[in-house]
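Undergrad: Take a look at this one; I'll ask things after.
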Amino acid sequence: MTYSAQQQIKKRNDAIERKGYRAKTRYGKQLFFLQGIPHVGSKLAKKLLHHFGSIEALITASDAELREVDRIGPI
């Protein structure tokens, strides 16, 4: 394999991997997942999880339901 191809594979793998703290509780894992979304920090992740109760409910929420959460603007 060429050096260029190896570097591309390494970059792809690095982009997916998130190193550091690994949550042990379901709530912690849900927060960790939400914080992986661009522009979602710990405060917004907590607000989203508190409002919707689960990641499944958040994913299936409509635009109007998402806008009910403080700090969520037009999509």
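Per the numbering used here, the sequence shown starts with residue -16, numbered consecutively. Where a beta carbon is used, it is the ideal one built from N, C-alpha and C, also for glycine.
Should V52 and H34 be called a contact, given that it needs their Cβ atoms to be closer than 8 Å?
TA: yes
Undergrad: Work out the CA separation of A44 and I38 for me, nearest whole Å.
TA: 10 Å
Undergrad: So L17 packs on L32, CB below 8 Å; how close in whole Å?
TA: For L17 against L32, the beta-carbon gap comes to about 6 Å, under 8 Å, which counts as contact.
Undergrad: Just reading off the alpha helix (DSSP H) that I42 is part of, what are its end residues?
TA: 38 to 42
Undergrad: Restricting to Cα atoms, I'd like to know which of G36, A40, K26 is closest to Y10.
TA: G36
Undergrad: Using a Cβ-Cβ distance cut-off of 8 Å, determine whether P21 contacts chain D.
TA: This model lacks chain D altogether; it includes just one protein chain.
Undergrad: Could you give the DSSP three-state label for A28: helix, strand or coil?
TA: helix
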